[in-house]
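Taking it in order: structure first as structure tokens, then the write-up.
In my numbering, the protein residues as written are 1239 to 2090.
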């Protein structure tokens, strides 16, 4: 079973040809009709291929998901019979109205777990592949974006999942709907005058982390639809033992009080290890003296031991170690990674937690870096920045109980920290040149044939947990893409013991074709290939004899649209911290029909630590950018650039983004020097963390005729202490964004000192206090249901008004982190276009501007 989830635009540099005459330009109406593809999975028997197809965006009537709906709206499950072929069809017997998401097959493939979302309600169902019927389980499943609450199959017809208390909706799916309904009822009650509508939050000195968060652990039967509560309390990281006799899980406590004398860097809740005997129903706590990091549990192949990353109550995750716990006796053995610094998942863009651990013989395989010999060799887990530069090569190390370690992959290039497979006495990993099986005795076997190019594992994912984050049970197959100078290839690997030589190599249909799923049993691979901005679903067979079969087309209405041309620009940026100047590259999208030397108006999008985002090969339109596509700017006749802003050049001793204005100015100067843009028609725009960045850069740069800041904040001081927007209304004590500023590593706005200790830094870096310096007209955009409180831009509007500046303020009601409603998306683009036109940044050719 080879599921793969597909995301967004590839971050590579290319130059696109100008389209032929007669093609039209991209419009907002085109984007409102965008379709999409998400997760895909084949069943273990090689009969069915199931994939998520997103209906045209504006055909949905439910844009309520979380604080932005684009990524999770319109999902429908489709199936394709790999043996009978024919045409794909919507999954029969499943209600097509809710958004539906894949959650994985049972071991035999008899049942498919499905989550459905509709107007705030989230449910878990099991779909019977033989009867084409689904049963819906009672209880609302808990939901997280970090993998902590993924349901797990404990047998071929039973699921276990964490459920929320009755009447509670998951905040990360339903925050807008639940909050809106609750407040509306409270308003009506207050206006009627017969019901008390007060709510109260408070801090207390005593530690309540001995109590569990409310919820339950539920066991559900896919055949009968019946379910039972196994334990009270909220649980995370559900892990089934290889023999299916035990379930390990982490019991989640209520938050502990904040230590006023320490920085807030980690989750304030405690996670304690629990073990459930699925045969007897008995439950007990293991290693009660430890607390553990969620999503780090791993079972040994023998089912008698498990490992997890933990620490004692007087320690922090920085001091953590991997512990091996005996499931029978409860005894623990600590594995000290002496001389090693465990790599952080944050380097790949997610949480500060160690990469997945695996048992290997009597030791543990961990992904880490060797500590330099001249430094203290005590075990480390150092928090890292996203895409941190200057790090040494990480490798897989085998930790022994005597605290020694051995490098297993020292001579392999570009080893990935995402394990391919783990089995009895072996670990399988991916490197740039192939897949290798590592044995406890030091032997190593290559599982892939020698193929020229770079191998990339195509990892599974779900709507809740992205493909680079999820840590599923290991399957029997893996699929890898191989890209390089020659023909792109696909390699399918059989991971079962005794089948190590059974791999299949096939040519991809095109260089830009992305494999979505594959089945060794069926000898089939599903690809997404781009034909201009139109996507084709292609089914190829082992050996790829003959052309692959097209089974669907996505976004055919884009067929005659010209998206423009991507170009790369290289330039030097001075190091504000005193180092040597750095040569960096940024990407600019030029409008259709551009002629060299024509000076264009420029829209600069700014965001902290942004990397170059030129598109490779055929240009793909992502549904995830439905409300903010760069091609809408090129369609209006603008040059668009999201300039590269490495953290090393934007973070200085003066503040977390104090170097941002100089880095952005250098990029604008480079585009002017290349004769792409008119220096007198440049606007800067920022969304989310980019909003405050745009305001800050606008205060220190004279290059911009207009500034647009959307769904962000403006005052670091009040943002540190204030409410987390809509999450603070109904869902508990969400006050203070402490970790964003207390954490330096991994945070774009890390300061490492609180406002109590260093109020000046917070004030000096707040655009609200810099309002008198901003001379360009400003457009502020915010929403009342954002996680960034709208009052932040209320204050910014007041500051700019008091400073005598030209400012307009647009507020969208009922929206979250940017508009999700098609009506509001259209309105936003109209307002931005009018604002830029009024301030002299519009294209000089009315034909280009009026195409929308």
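Don't be surprised by glycine CBs; every beta carbon is placed ideally from N, CA and C.
Does DSSP put residue i in a helix, in a strand, or in coil?
i	result
residue 1845	coil
residue 1313	strand
residue 1997	helix
residue 1987	coil
residue 1465	strand
residue 1307	coil
residue 1403	coil
residue 1345	coil
residue 1802	coil
residue 2067	helix
residue 1964	helix
residue 1914	coil
residue 1908	helix
residue 1777	strand
residue 2030	helix
residue 1888	helix
residue 1275	strand
residue 1794	helix
residue 1863	helix
residue 1523	strand
residue 1681	coil
residue 1622	coil
residue 2077	coil
residue 1813	coil
residue 1840	strand
residue 1691	coil
residue 1190	Shown here, the chain extends from 1239 to 2090; a query on residue 1190 therefore has no answer.
residue 1415	helix
Of the choices the options, whose alpha-carbon is the least far from that of residue i?
i	options	result
residue 1865	1767, 2026, 2057	2057
residue 1717	1420, 1673, 1880, 1905	1673
residue 1481	1452, 1504, 1538, 1675	1538
residue 1887	2036, 1875, 1845	1845
Should residue i and residue j be called a contact, given that it needs their Cβ atoms to be closer than 9 Å?
i	j	result
residue 1976	residue 1501	yes
residue 1450	residue 1490	yes
residue 1317	residue 1287	yes
residue 1455	residue 1471	yes
residue 1743	residue 1761	no
residue 1602	residue 1578	no
residue 1531	residue 1551	no
residue 2105	residue 1282	Given that the chain is displayed from residue 1239 to residue 2090, the structure contains no residue 2105 and the question cannot be resolved.
residue 2021	residue 1949	yes
residue 2016	residue 1945	yes
residue 2048	residue 2066	yes
residue 1827	residue 1916	no
residue 1872	residue 1830	yes
Taking the C-alpha atoms as reference points, what is the distance between residue i and residue j?
i	j	result
residue 1599	residue 1800	57 Å
residue 1498	residue 2025	24 Å
residue 1824	residue 1951	26 Å
residue 1321	residue 1274	25 Å
residue 1748	residue 1770	13 Å
residue 1706	residue 1588	9 Å
residue 1509	residue 1488	5 Å
residue 1516	residue 1483	5 Å
residue 1763	residue 1373	30 Å
residue 1284	residue 1905	51 Å
residue 1475	residue 1534	8 Å
residue 1336	residue 1329	13 Å
residue 1541	residue 1677	19 Å
residue 2023	residue 1294	25 Å
residue 2072	residue 1894	33 Å
Should residue i be counted as a contact of the ligand ADP given a C-beta to heavy atom distance under 8 Å?
i	result
residue 2047	The model depicted lacks the ligand ADP and carries no ligand whatsoever.
Practice task
Would you check if the segment 1718-1734 and the segment 1367-1383 touch, i.e. whether three or more CB-CB distances between them fall below 8 Å?
Solution key: Contact between the segment 1367-1383 and the segment 1718-1734 is absent: fewer than 3 CB-CB pairs across the two stretches fall below 8 Å.
**Request:** Assess, as a yes-or-no matter, whether the segment 1320-1329 is touched by the segment 1787-1797 under the definition of 3 or more beta carbon pairs within less than 8 Å.
**Result:** yes
Three or more C-beta pairs closer than 8 Å, one from the segment 1929-1947 and one from the segment 1894-1905: is that the case here? yes
| Can we say the segment 1573-1593 touches the segment 1617-1624, given the rule of at least three CB pairs closer than 8 Å? | Contact holds: three or more Cβ-Cβ distances are below 8 Å.
| request: Would you check if there are 3 or more beta carbon pairs closer than 8 Å linking the segment 1395-1404 to the segment 1418-1436? | output: no
| Below 8 Å, can you find three or more Cβ-Cβ pairs linking the segment 1998-2017 to the segment 1513-1527? | Segments in contact, no.
Three-pair Cβ contact test at 8 Å for the segment 1403-1419 versus the segment 1459-1468:
no
Validate contact between the segment 1622-1638 and the segment 1646-1656 using beta carbons, cut 8 Å, 3 pairs:
yes
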